[in-house]
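Just below is one structure, and these are the notes that go with it.
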Amino acid sequence: MRKTLKPLAVALALTPLIATASLPPYAPVTDNRLANPEPQNWLSYRGNYASWGYSSLKQINTQNVAKLKLAWAYSTGMTEGHQSPPIVNNGYMYITTPNNQVIAFEAATGKELWRYKKAIPEELQQLHPTNRGVALYGNKLYLATTDATLVALDAVTGKELWKTAVADWKKGYYMTLAPLAAKGKIMVGSSGGEYGIRGFIAAFDAETGKEAWRTHTVAGPGEPGGDTWPADTYKRGGGSVWITGSYDPETNLAYWGVGNAGPWMPDTRAGDNLYANSTIALDVDTGKLKGYHQYHWNDGWDWDEVSAPLLIDLERNGKKFKSLVHAGRNGYLWLLERTSSKINFVDAWPYVTQNVFKSIDPKTGRPTYDPARTPGTGKTVNFCPSLWGGKDWPPEAYNPGTGLLYIPANNNLCSELTGEPAKYNAGELYIGVSIDNILTNVRMDDKARKHVGEVQAWDIKTGKKVWTHTYPEMNWGPLLSTGGDLVFGGGTNDRKFRAFDATNGKVLWEFPTNSGVTGVPSTFEIDGEQYVAVQSGWGVDAQRMQGAFDAVLPHKTVVPQGGVLLVFKLEQ
Numbered sequence: 034m035r036k037t038l039k040p041l042a043v044a045l046a047l048t049p050l051i052a053t054a055s056l057p058p059y060a061p062v063t064d065n066r067l068a069n070p071e072p073q074n075w076l077s078y079r080g081n082y083a084s085w086g087y088s089s090l091k092q093i094n095t096q097n098v099a100k101l102k103l104a105w106a107y108s109t110g111m112t113e114g115h116q117s118p119p120i121v122n123n124g125y126m127y128i129t130t131p132n133n134q135v136i137a138f139e140a141a142t143g144k145e146l147w148r149y150k151k152a153i154p155e156e157l158q159q160l161h162p163t164n165r166g167v168a169l170y171g172n173k174l175y176l177a178t179t180d181a182t183l184v185a186l187d188a189v190t191g192k193e194l195w196k197t198a199v200a201d202w203k204k205g206y207y208m209t210l211a212p213l214a215a216k217g218k219i220m221v222g223s224s225g226g227e228y229g230i231r232g233f234i235a236a237f238d239a240e241t242g243k244e245a246w247r248t249h250t251v252a253g254p255g256e257p258g259g260d261t262w263p264a265d266t267y268k269r270g271g272g273s274v275w276i277t278g279s280y281d282p283e284t285n286l287a288y289w290g291v292g293n294a295g296p297w298m299p300d301t302r303a304g305d306n307l308y309a310n311s312t313i314a315l316d317v318d319t320g321k322l323k324g325y326h327q328y329h330w331n332d333g334w335d336w337d338e339v340s341a342p343l344l345i346d347l348e349r350n351g352k353k354f355k356s357l358v359h360a361g362r363n364g365y366l367w368l369l370e371r372t373s374s375k376i377n378f379v380d381a382w383p384y385v386t387q388n389v390f391k392s393i394d395p396k397t398g399r400p401t402y403d404p405a406r407t408p409g410t411g412k413t414v415n416f417c418p419s420l421w422g423g424k425d426w427p428p429e430a431y432n433p434g435t436g437l438l439y440i441p442a443n444n445n446l447c448s449e450l451t452g453e454p455a456k457y458n459a460g461e462l463y464i465g466v467s468i469d470n471i472l473t474n475v476r477m478d479d480k481a482r483k484h485v486g487e488v489q490a491w492d493i494k495t496g497k498k499v500w501t502h503t504y505p506e507m508n509w510g511p512l513l514s515t516g517g518d519l520v521f522g523g524g525t526n527d528r529k530f531r532a533f534d535a536t537n538g539k540v541l542w543e544f545p546t547n548s549g550v551t552g553v554p555s556t557f558e559i560d561g562e563q564y565v566a567v568q569s570g571w572g573v574d575a576q577r578m579q580g581a582f583d584a585v586l587p588h589k590t591v592v593p594q595g596g597v598l599l600v601f602k603l604e605q
């Protein structure tokens with residue numbers, strides 16, 4: 034499970050390779066632009082604060098997407114998981130790669146403008162060698178690093194302006210997420226739940242890097258929810274935050290997904306274990322907790338619920354309300370209501386095979402478990418979905434035109450885990466399941482041997498599934514939806530990047546890439562031409578799942594590694 038990469042030798046930005054004379058003056062990224070992003074740009078992790086993964090651009094559409102051709106490509110020089118979206122601001126493009134690297138390009142041509150690398154300490158063992166992108170704010174670019182540091186760069190030159198230590202990497206803290214920028218603050222969350230850290234979200238002044246507030250995702254003594262952790266287990270309770278949050282400017286609340294509790298075996302920490310496996314709402318000015326919903330309590334399945342919910346205004350049963358939508362790793366699709374003071378449960382239903390929940394409380398959404406499917410120390414259980422969930426971190430997408438939610442799912446797949454005692458040592462794995470068990474956890478029945486990966490489309494107003502596209506094996510592909518009635522995504526071990534008809538799921542175009550696509554796609558427009566961009570680069574948990582499949586299937590699949598940025602446009 035542990036993956037070691039040699040540290041990079043370069044700590045500071047390299048000299049810019051070319052002049053930017055062919056580009057317009059850099060346009061500062063303001064709160065208003067982030068709240069109302071221009072269609073021609075892709076300014077943040079999911080394109081807007083609501084985390085839709087949607088662009089209204091429609092030059093590329095269902096009628097002409099078959100003519101999509103490669104405009105340019107760029108090899109990053111890195112292996113492992115290339116997962117960040119290409120961020121574009123008026124012709125300037127930015128990607129991140131594993132090993133704390135940022136590369137800036139001229140978006141239309143692929144010319145490299147500059148490259149920044151921050152050295153990783155030699156002693157640091159990377160559990161998840163990846164990075165999910167940058168935040169733009171003002172004239173700066175912000176990077177959250179593997180060694181738990183927040184770095185501010187000049188967006189035009191790549192010059193390092195400041196860096197702030199967020200947490201102690203020697204104790205197992207690290208960061209992989211794209212920061213969230215709002216109201217003069219840069220917000221980040223901590224990874225490291227497998228090392229017995231206490232998760233948090235912290236905000237820093239965008240100009241100075243000074244910490245503004247820090248809110249722990251694992252409640253402690255004297256705090257609301259502190260009584261849901263026995264003794265001092267909260268100190269090592271996990272609750273990682275490793276996916277960028279959503280933000281509602283009207284209420285000034287940021288919504289973050291929180292990972293599972295640690296160690297994995299629930300009998301070691303009796304109680305609900307707030308706020309693990311929850312969506313929490315934080316006031317951006319103060320960091321104060323304003324609401325939460327816990328998707329499942331006292332987790333024992335490694336079902337991190339780190340994906341940020343999508344903020345969608347809906348009408349349901351004749352009533353209009355502001356919703357939070359989340360395709361849970363626990364295999365249920367959750368529909369919640371967001372208000373300025375709390376989060377209310379509305380509805381939930383399974384979108385993949387799920388045999389752990391016996392029922393869901395119709396008022397609170399609290400599930401009741403099947404004890405035979407609940408892990409424990411010295412106990413072996415089989416459960417569905419697998420520990421990678423119905424959907425892992427790869428984000429859903431929403432299209433306001435079709436009214437559909439698109440989910441990159443893994444169906445029919447189950448896991449088997451045997452709990453064992455866990456001993457805490459700072460900076461060492463603190464899981465409660467053997468590494469061998471994790472690497473070979475997959476259990477497949479006849480349905481799973483027919484297919485696992487899916488792209489699903491749901492009408493969330495009615496709770497009805499509209500279409501499904503299936504893959505023989507896994508799907509780790511983040512999705513992009515567009516005004517051209519298209520859905521783009523990769524995620525399969527055949528290395529292909531695809532475009533689907535958003536209304537019926539028909540595959541309209543596909544492109545064989547160098548590696549597997551686990552990158553977040555984006556789209557933008559320059560001089561009247563629309564482009565679609567994505568990084569190809571297999572690794573991290575996609576490869577770990579591939580290894581688990583290889584252990585139980587009669588064949589083995591080799592997915593080559595090596596990061597490449599691919600940018601497409603229509604053939605002229």
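Position in the sequence shown (from 1) plus 33 gives the number in this note's numbering.
All C-beta atoms in this analysis are idealised placements derived from N, C-alpha and C, irrespective of residue type, glycine included.
Residues that DSSP places opposite residue i in a beta bridge
i    : result
F390 : Y402
F601 : L103, V565
K353 : E348
G409 : K412
M477 : L446
A459 : In DSSP, A459 forms no bridge with anything.
E487 : A442, T503
K218 : A215, D238
A198 : T182
P545 : K529
D497 : Reading off the sequence shown, one finds Lys at residue 497, where the question assumed Asp. D492, per the DSSP bridge assignment.
I136 : I128, R148
Residue i classed as buried or exposed, judged by whether at least 16 other C-beta atoms fall within 10 angstroms
i    : result
A584 : exposed
S340 : buried
P342 : buried
N589 : In the sequence under discussion, the amino acid at residue 589 is Lys, which differs from the Asn named in the question. That one is exposed.
K323 : buried
N69  : exposed
G295 : buried
E604 : exposed
A44  : In this prediction, A44 has a pLDDT of 40, which is less than 50 and means its spatial position is unreliable; what the coordinates show is noted afterwards. Label assigned to A44: exposed.
K173 : buried
S374 : exposed
P395 : exposed
Close Cβ partners of residue i (< 7 angstroms) along its chain, the five nearest in sequence each way excluded
i    : result
A99  : L541, W542
R35  : Residue placement at R35 is flagged as unreliable, the pLDDT there being 38, under the threshold of 50; the coordinate-derived value follows with that caveat. Q158, L160.
G225 : G205, Y206, Y207, S273
N293 : G226, G271, A309, N310, D332, D335, W336, D337
F557 : Q73, N74, W75, V121, A140, Y564
Whole-Å CB distance - residue i paired with residue j, under 8 angstroms assumed
i    : j    : result
L344 : A104 : With a Cβ gap of about 32 angstroms, L344 and A104 do not count as contacting.
V167 : A211 : 6 angstroms
P428 : P511 : 5 angstroms
V121 : W75  : 5 angstroms
G549 : G523 : 7 angstroms
G364 : G422 : 7 angstroms
L598 : Y107 : 4 angstroms
V379 : L369 : 6 angstroms
Nearest neighbour of residue i, chosen from the options [CA to CA]
i    : options                : result
T503 : V485, L519, K494, K497 : V485
S555 : S55, S88, N65          : S88
G411 : G465, A60, G523, N293  : G465
K196 : F237, G229, G205, T301 : F237
W202 : I153, I128, T546       : I153
L101 : E562, S77, I234        : E562
G552 : N537, D560, G572, E558 : G572
G460 : N432, R231, I219, H359 : R231
L437 : G259, P118, W500       : W500
T473 : N458, T112, M578       : M578
F521 : V475, P441, P587, T277 : P441
P57  : L67, G124, S448        : G124
Beta-carbon contacts of residue i that lie in its chain and below 6 angstroms, excluding the five residues immediately before and after
i    : result
V600 : A104, W105, Y564, A566
N81  : P70
K91  : G516, G517
Other residues of its chain near residue i: CB distance less than 8 angstroms, five sequence neighbours each side excluded
i    : result
P454 : T410, G465
K216 : D64, N285, V317, D318
K321 : T248, L315
K529 : G523, E543, F544, P545, T546, V550
R254 : Before going on, a small fix: residue 254 reads as Pro here, not Arg. Cβ within range, chain order: Y267.
A303 : P263, N331
Distance cut-off 8 angstroms: residue i Cβ against heavy atoms of the ligand FMN
i    : result
Y280 : Looking for the ligand FMN in the displayed structure turns up nothing, as the structure carries no ligands at all.
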